[in-house]
Every structure is written in C-alpha cells, then in structure tokens.
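Below is one structure; the comments refer to it alone.
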Amino acid sequence: MTAALDRPSIGAVFTQWTLQPLAVVAVVALAAWYVRGVRRSTRAGRAWPVGRSVTFGVGLALLLWASCGFLGTYAYSLFWVWTSQQLALWLVVPIVVLSGAPLQLARDLGGRGGRVDRLLRSRPVRFVSNPLVGPALVPLLSFALFFGPLPGWSIGTPVVGWLLQLVLVAIGAIMVLPLVGVDDDVSSLAVGLGLAIGSFELVIDALPGIVLRLRTQLATTFFDHRAALDWSPNALHDQQIAGAIVWCIAELIDLPFLLLVFRRWLRVDAKDAARVDAVLEAERSARGAETDEPWWLSDPSMQQRLKRRD
Numbered sequence: 001m002t003a004a005l006d007r008p009s010i011g012a013v014f015t016q017w018t019l020q021p022l023a024v025v026a027v028v029a030l031a032a033w034y035v036r037g038v039r040r041s042t043r044a045g046r047a048w049p050v051g052r053s054v055t056f057g058v059g060l061a062l063l064l065w066a067s068c069g070f071l072g073t074y075a076y077s078l079f080w081v082w083t084s085q086q087l088a089l090w091l092v093v094p095i096v097v098l099s100g101a102p103l104q105l106a107r108d109l110g111g112r113g114g115r116v117d118r119l120l121r122s123r124p125v126r127f128v129s130n131p132l133v134g135p136a137l138v139p140l141l142s143f144a145l146f147f148g149p150l151p152g153w154s155i156g157t158p159v160v161g162w163l164l165q166l167v168l169v170a171i172g173a174i175m176v177l178p179l180v181g182v183d184d185d186v187s188s189l190a191v192g193l194g195l196a197i198g199s200f201e202l203v204i205d206a207l208p209g210i211v212l213r214l215r216t217q218l219a220t221t222f223f224d225h226r227a228a229l230d231w232s233p234n235a236l237h238d239q240q241i242a243g244a245i246v247w248c249i250a251e252l253i254d255l256p257f258l259l260l261v262f263r264r265w266l267r268v269d270a271k272d273a274a275r276v277d278a279v280l281e282a283e284r285s286a287r288g289a290e291t292d293e294p295w296w297l298s299d300p301s302m303q304q305r306l307k308r309r310d
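So the sequence shown is residues 1 to 310, counted in UniProt numbering.
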C-alpha cells in the first residue's frame with residue numbers, strides 16, 4: 001500500500017483512500033441506527049430537525065475520512081499525518097457527531113431512566129465528562145498518545161491502530177458531553193469552574209506540542225515501524241512538524257471549546273435562576289404574601305405605628 005504512495009499533495013487529500021474495516025463497520029452501524037431511530041421518533045409524533053441529521057451525517061463522514069481517507073493512508077509513513085489523524089478523531093469528530101443529538105435520540109427512544117441514562121450517569125462517564133476533569137485530561141492524554149511506544153504499536157500492528165482510533169472517538173465523546181448539554185443536573189458553578197480551568201488549559205494544552213517541536217531527539221517508536229519512502233522527510237524533522245501541528249491545534253481548538261462552554265454556562269445559569277425564582281415564588285404564595293394590598297398594611301410593626309397616631 002505505502003510503496004505506491006506519492007508525495008502528499010492537495011489532490012491526495014480527496015483521492016487517497018484505504019480500508020479501515022472497524023471504522024467502516026462502526027460508521028455503517030451508527031448510520032443505520034440513526035436512520036431507524038429518526039423514523040421511529042417521527043412515527044411517534046416527535047419532529048426531528050433535519051439539521052441534526054445533516055450534522056450527524058457530516059460527523060460520520062469525517063470519521064470515515066479520518067480513518068480511511070488521506071489521514072488513514074499516509075499515517076503509516078508520516079508521523080505528522082498520524083498525529084493529525086489522532087487529533088481529528090479525538091477532538092473534532094466527537095463534537096460534530098454529538099452535535100447531531102444521537103444521545104437525545106437514544107433517550108427519546110429508550111425513555112428517561114433507560115440504558116442510555118444509566119450509562120451517562122455511571123461513575124466512569126460522569127468522572128471523565130466532569131467540566132473540572134475533562135480539560136485536565138487533555139495534556140495528560142496528549143503526552144501518553146504522542147510520546148513513547150503507542151504510535152509505534154499502532155502502525156506496527158494495524159489492529160492496535162484501528163482499535164486506538166475508535167477508543168479515541170469514544171474518549172473524545174465522553175469528554176465533550178458537557179458541551180452538548182446532555183447532563184440536566186449540572187450546576188452553573190460546575191460549568192463556570194470548567195470555563196475557568198479551560199482558560200488555564202489554553203496554555204497547558206500546548207505543552208506536548210511545544211516539547212515535540214523543540215525536542216532534538218526522537219520521542220516515539222513510530223519511526224522504528226514507519227514505511228519510509230523515497231520522499232520521506234528526516235525523522236526528526238517529521239517529529240518537529242507533528243509538534244507544530246499539535247501546538248497549533250491545541251491553541252486553535254481550545255477557543256471554540258471555550259465559547260461552547262461559555263454558551264452552556266449562560267444556559268445553565270438561566271435555568272438555575274428560573275429554578276430559584278420558582279422556589280421563592282412558591283414560598284411567597286405559601287406564606288400568603290401575594291395580596292393586592294401594600295405590604296405595609298399587613299405588617300405588624302406598621303399597624304402599631306398607625307394605631308399610635310390614631
């Protein structure tokens with residue numbers, strides 16, 4: 001496969017394809033489930049916005065392209081392509097797929113308290129998706145992913161690489177759950193703290209890329225297993241390009257993420273305010289404070305003053 005590859009070009013981004021069977025099976029299964037779920041939801045009288053279906057389809061197309069397209073084809077030869085593939089599957093594909101509301105669709109079909117709700121409320125999922133935990137995991141996972149033996153294993157044994165791709169999509173999906181608003185119980189304080197930590201992570205997330213970019217020795221076993229071609233760059237230069245990509249993506253991807261968290265914060269804060277207002281209104285009604293008379297006519301101290309004047 002790699003022996004016939006030409007030097008990467010703009011045209012190759014659209015024309016180079018390979019087979020990643022696990023990704024193909026996952027995309028076909030998810031697409032079939034989603035179409036069936038939308039039909040069932042429509043038959044039950046619940047309108048399903050077309051925009052959600054389109055977004056979900058785009059997410060699946062990105063998953064297929066990242067696994068079987070240009071990134072999947074050149075990932076065995078170029079470390080910077082392999083790095084871009086992992087970042088796309090981890091940080092880009094999940095947010096696009098979940099923006100198509102597949103979890104809401106599953107909830108509508110299974111009802112509240114069903115298997116999906118139980119899964120989302122399980123301790124591991126709630127821990128990883130916590131707004132305080134998710135952002136802190138990004139630099140840690142980046143170091144584990146881009147340094148050491150994992151890159152070499154993923155291209156030396158293709159099945160390991162295929163499984164790693166799906167695992168990254170799953171981890172990314174769990175981490176972005178706070179952004180898509182599937183947790184109805186989250187407080188504005190938790191989201192606000194997540195926003196503050198995310199702002200700090202804007203600097204920390206770039207560290208793995210900076211280390212890769214400035215390192216003067218190879219940091220991974222990827223180059224022990226790569227398919228070197230006539231046009232392949234020097235291994236250290238390839239690693240430095242990968243570091244620059246990680247550095248740039250870490251900075252660029254954090255900004256829209258922070259905007260999404262800020263938007264979620266505003267929505268949750270509005271819900272919290274409405275909930276508090278409803279409780280206060282109920283308490284006022286229970287005490288009989290809701291009258292047409294001015295408050296001072298029923299206030300005991302004011303009544304005593306009026307009597308003394310009379």
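Ideal Cβ placement from N, Cα and C applies to all residues, glycine included.
How would you label residue i, buried or exposed, when you count the other beta carbons within 10 angstroms and need 16 or more for buried?
i       : result
Cys-68  : buried
Thr-15  : exposed
Leu-177 : buried
Using a Cβ-Cβ cutoff of less than 6 Å, which residues in the same chain neighbour residue i once the five nearest sequence positions on both sides are dropped?
i       : result
Thr-55  : Ser-99, Gly-100
Ile-204 : Pro-139
Gln-240 : Arg-213
Phe-143 : Pro-208
Does the beta-carbon distance from residue i to residue j come in below 7 Å?
i       : j       : result
Trp-80  : Ala-270 : no
Ile-210 : Leu-87  : no
Arg-213 : Trp-265 : no
Leu-103 : Gly-37  : no
Thr-73  : Thr-18  : yes
Gln-85  : Ala-61  : no
Just to confirm my understanding: we take residue i, look at its own chain, exclude 5 residues before and 5 after, and list those with CB closer than 7 Å. What are they?
i       : result
Tyr-76  : Thr-2, Ile-155, Arg-226, Ala-227
Gly-147 : Checking the sequence, you will find Phe at residue 147 rather than Gly. Here the set comprises Ala-219, Thr-220.
Ile-253 : Leu-91
Can you look up residue i in the DSSP assignment and give me helix, strand or coil?
i       : result
Met-1   : Unreliable positioning characterises Met-1 in this predicted model, as indicated by a pLDDT of 49, which lies under 50. The coordinate reading is nonetheless provided below. Met-1 falls in the coil class under three-state DSSP.
Gly-114 : coil
Thr-220 : strand
Gly-45  : coil
Gly-148 : strand
Ala-61  : helix
Pro-8   : coil
Gln-86  : helix
Leu-78  : coil
Ser-142 : helix
State the CB to CB distance for the pair residue i and residue j, rounded to an integer number of angstroms; the pair is presumed to be in contact (CB under 8 Å).
i       : j       : result
Gly-59  : Val-13  : With a Cβ gap of about 19 Å, Gly-59 and Val-13 do not count as contacting.
Leu-89  : Gln-165 : 5 Å
Ile-245 : Thr-42  : Ile-245 to Thr-42, Cβ: 42 Å. No contact.
Which same chain residues, not among the five before or five after residue i, have their C-beta less than 8 Å away from its C-beta?
i       : result
Leu-63  : Ala-23, Ala-26, Val-27, Leu-89, Val-93, Val-97, Val-169
Pro-8   : Phe-70, Tyr-74, Leu-78, Val-81
Val-128 : Gly-134, Leu-137, Ile-171, Ile-174, Met-175
Ser-53  : Tyr-34, Val-38, Gly-100
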